[in-house]
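J.: Handing you this structure, nothing more for now.
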Amino acid sequence: MKNLSQLGFLALVYLCLVLPAVGQGAKNPIIHADVPDIAIIRVGDTYYMSSTTMHMSPGVPIMKSKDLVNWKLVNYAYDTLANVDELTFTNGKSTYGRGSWASSLRHHNGTFYVTTFAQTTEKTHVYTTKDIEKGPWKAISFRPSYHDHTLFFEEDGRVYLIYGAGKLRMVELQTDLSGPKPGTDRVLIENASAPAGSTINLQAEGSQLFKVNGKYYLFNITWPKDGMRTVVVNRADKITGPYEGRLALQDKGVAQGGLIDTPNGDWYAYLFRDYGAVGRIPYLVPVKWEDGWPVLGIDGKVPDKLNLPASKGLMPGIVASDEFTRKKGEAALPLVWQWNHNPDNQLWSVTERKGFLRLTTGRVDTSFLLARNTLTQRTIGPESAGATLLDVSRMKDGDFAGLALLQQRYGLVGVKFENGAKFIVMVNAQSGRPEEVGRIPLQQNNVYLKAECDFKERKDEANFFYSLDGKTWKKIGSPLKMVYTLPHFMGYRFGLFNYATKTPGGQVDFDYFRIEDRITAPGN
């Protein structure tokens, strides 16, 4: 009996250790944040991913993972895309919703290649480096701007781009990728959307080409009328075709991406899903091979759980708090930060006042959406909150500074300096035009500000708060109904801002930015 009791005790211990681990693997989405248009490669046992951040600088973020689930920002392909009015917010121009779009990511003969394209510049941009994590990058650009292209290195040394929408085309590039070879542009697939039906709203685009066991597989997204975002795969024995197509996945609107394998031989499709105000969020879908075709999903469905390691969360790999203290040799800004359009680097500093981010106004602006040097990072789902402590003692009359949730229909909480007096205000632009819906006199130089986002089940609601002591928080203004709009084409972002409406030269100091993956109870 004693031995049986010991065995029973050991069994109980085993169950206590093992059972909690059941179901604790990776879950979809693998990143509940705006990381769209993903391209993934594997180099040895390390994965690298590029994505789209459009009008943000620096741009084309590069992320690294060892398990396909836990990702960390390690670099950007460029600091600024170009120096034009649309990107520098000058002469009333902007590049919201444009900038650089879907990138292609490759590793070939020891060199990493990131290619992207931009309506803003009307060019195709090529970035190369031997060290994708540290750089430096070499930049080449040429006309035209090849829409949603995929870069492909053929074994015979030739280099191709496949691009377009619906009618997909292929062009051969010069071997140094300096531009297209004249006379090589041709139609590759007359109607790549065909496997999804005859009535299509969004023609097949987002091309990504792969070669597996001697065959070529071209992944595209399309969107049938009265349907959902759909994955289509075309297959060929030669890169030049002919191609035959299949509908590969039609579930939850999860689409656009490509194939990746693991060192142990498992295959996944990496895709993303439009998920309301938080943005376009990445999913992984298991792939098995049947008759030379990739079969996506479990019985055609996107699984909620994956046979991969569990996520450790998105902080600090994708988003992170920042106390704005810098040690010698550290970057002025961690990679989680991006500027809304190109920054004016003369007008911000983390060294002028140690432990603070200082934003100085350099011109007069008419609205928040045209204000330069707004510093941003992603919101995350299903919940997130961002908070800051703002010193407004160096503001000038007409200045407005604070904490934003950036999208076309934005929300702000901040301090306005008007006619010699300061006020805490909340601005709500959910109607499409900004309305001041809360105003409280401010009698001190320091104020705490907070924005909370609820993305659960696409509730997409934000609330704004202030505190005079950092302990007692009070809601201000009205809830912001967050809406993902195509003019901005990006999920909501936290933003730290300061702009002048009368006289340039005013300054504000942000003591910190702290992000959490939870919100407090309403009204607290």
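Going by the numbering used here, the sequence shown runs without a break in its numbering and finishes at 584. Ideal placement from N, C-alpha and C gives every residue a C-beta, glycine not left out. Note that the structure is a prediction, hence the values are computed from the model and not measured.
Taking contact to mean at least 3 C-beta pairs separated by less than 8 angstroms, is the segment 125 to 137 in contact with the segment 103 to 116?
T.: In short, these stretches touch, since the Cβ pair count reaches three.
J.: Cα-Cα, which of Leu-465, Gly-480, Glu-478, Gln-503 is closest to Val-487?
T.: Of Leu-465, Gly-480, Glu-478, Gln-503, the residue nearest in Cα terms is Leu-465.
J.: Inspect the beta-carbon positions of Trp-399 and Leu-435 and report whether they are closer than 8 angstroms.
T.: For Trp-399 and Leu-435, yes; Cβs fall inside 8 angstroms.
J.: Is DSSP giving Asn-400 helix, strand or coil here?
T.: Note: Asn-400 maps to strand in three-state DSSP.
J.: Quick check: what's the CA-CA separation for Phe-549 versus Lys-519?
T.: If I take the Cα positions, the gap works out to 19 angstroms.
J.: Kindly provide the ranges of any beta strand (DSSP E) runs that are 3 or more residues long and lie completely inside the segment 426 to 461, ordered along the chain.
T.: Listed in chain order, they are 435 to 438, 443 to 451.
J.: Pull up the distance between the alpha-carbon of Leu-472 and that of Leu-262, whole angstroms please.
T.: Looking at the two C-alpha atoms, the distance is approximately 34 angstroms.
J.: Could you give the distance in angstroms between the alpha-carbon of Asp-326 and the alpha-carbon of Ser-117?
T.: Roughly 35 angstroms between the two C-alpha positions.
J.: Relative to the C-alpha of Phe-557, which residue among Lys-414, Gln-84, Thr-545, Pro-403 is closest?
T.: That would be Pro-403, whose Cα lies nearest to the Cα of Phe-557.
J.: From Thr-448 to Gly-226, what distance separates their C-alpha atoms?
T.: Cα to Cα, the separation comes out at about 47 angstroms.
J.: Please identify the residue among Asp-297, Gly-566, Trp-161, Gly-415 whose C-alpha is closest to the C-alpha of Asp-457.
T.: Comparing Cα-Cα distances from Asp-457 to each of Asp-297, Gly-566, Trp-161, Gly-415, the minimum goes to Gly-566.
J.: Counting only runs of 4+ residues fully inside the segment 130 to 214, write out the alpha helix (DSSP H) ranges in chain order.
T.: DSSP runs (the alpha helix (DSSP H)) wholly in the segment 130 to 214: 145 to 148.
J.: Can you find the residues in the same chain that come closer than 8 angstroms, C-beta to C-beta, to Val-507, ignoring five residues on each side of it along the sequence?
T.: Cβ within range, chain order: Leu-449, Leu-450, Val-452, Val-475, Ile-484, Tyr-526, Ser-527, Leu-528.
J.: Whether or not the segment 180 to 187 and the segment 137 to 146 are in contact is what I'm after, with contact meaning three or more pairs of Cβ atoms, one per stretch, closer than 8 angstroms; do they touch?
T.: These segments touch.
J.: Return the first residue and the last residue of the beta strand (DSSP E) that Gln-263 is part of.
T.: Segment 260 to 272, the beta strand (DSSP E) holding Gln-263.
J.: Using the Cα positions of Glu-576 and Ala-511, report the straight-line distance between them to the nearest angstrom.
T.: Using only the alpha carbons, I get a separation of about 11 angstroms.
J.: Is Lys-62 buried or exposed, if buried means 16 or more other CB atoms sit within 10 Å of its CB?
T.: Only weak support exists for where Lys-62 lies, its pLDDT of 41 falling under 50; the coordinates are left without a value.
J.: Can you tell me whether DSSP reads Leu-407 as helix, strand or coil?
T.: Three-state result, Leu-407: helix.
J.: How many whole angstroms separate the CB atoms of Ser-371 and Ala-86, which I take to be in contact at a CB cut-off of 8 angstroms?
T.: Sure, about 6 angstroms apart at Cβ, within 8 angstroms.
J.: For chain C, find out if any of its Cβ atoms is closer than 8 angstroms to the Cβ of Lys-361; answer yes or no.
T.: Protein chains in the displayed structure number just one, and chain C is not present.
J.: So who's on the other strand from Lys-227, going by DSSP bridges?
T.: BP columns for Lys-227 point to Ala-225.
J.: For Gly-224, count neighbouring C-beta atoms within 10 Å of its own C-beta (all shown protein chains included) and say buried if the count is 16 or more, exposed if not.
T.: Buried: at least 16 other Cβ atoms inside 10 Å.
J.: What did DSSP end up calling Pro-376 once you bin it into helix, strand or coil?
T.: Pro-376: coil per DSSP, three-state reduction.
J.: According to DSSP, is Pro-354 part of a helix, a strand, or is it coil?
T.: Three-state DSSP puts Pro-354 in a strand.
J.: So what's Arg-518 in DSSP terms, helix, strand or just coil?
T.: The answer is helix: DSSP assigns Arg-518 an H, G or I state.
J.: In the DSSP output, what is Asn-558 paired with across the bridge?
T.: Paired residues: Ala-461.
J.: Three or more C-beta pairs under 8 angstroms: does that hold for the segment 350 to 368 against the segment 530 to 540?
T.: The segment 350 to 368, when compared against the segment 530 to 540, does not touch it at the 8 angstroms Cβ threshold.
J.: Starting from Thr-421, trace the beta strand (DSSP E) in both directions and tell me its first and last residue.
T.: Where Thr-421 is concerned, there is no enclosing beta strand (DSSP E), given that its DSSP letter is neither H nor E.
J.: Given a threshold of 16 other Cβ atoms within 10 Å of its Cβ, counted over all protein chains shown, does His-168 qualify as buried or as exposed?
T.: Burial call: exposed.
J.: Locate the beta strand (DSSP E) running through Met-109, then write down its first and last residues.
T.: Looking at the DSSP string, the run of the beta strand (DSSP E) that includes Met-109 is 106 to 110.
J.: Judging by CA-CA distance, which residue of Arg-203, Gln-179, Tyr-173 is the nearest neighbour of Thr-189?
T.: Cα-wise, what sits closest to Thr-189 is Tyr-173.
J.: Where does Val-338 sit, in a helix, a strand or coil, going by DSSP?
T.: Reduced to three states, the DSSP call for Val-338 is helix.
J.: Return the chain-ordered list of same chain residues with a C-beta closer than 8 angstroms to the C-beta of Thr-545, the five sequence neighbours on each side being excluded.
T.: The residues are Gln-467, Gln-468, Arg-469.
J.: Quick one: what does DSSP say Pro-255 is sitting in, helix, strand or coil?
T.: Three-state result, Pro-255: helix.
J.: Starting from the Cα of Glu-8, find the closest Cα among Leu-165, Tyr-206, Trp-283, Ala-522 and give me that residue.
T.: With the chain running from 61 to 584 in the structure shown, residue 8 is simply not present.
J.: For Leu-472, which beta-bridge partners are listed by DSSP?
T.: In DSSP, Leu-472 forms a bridge with Ala-464, Val-487.
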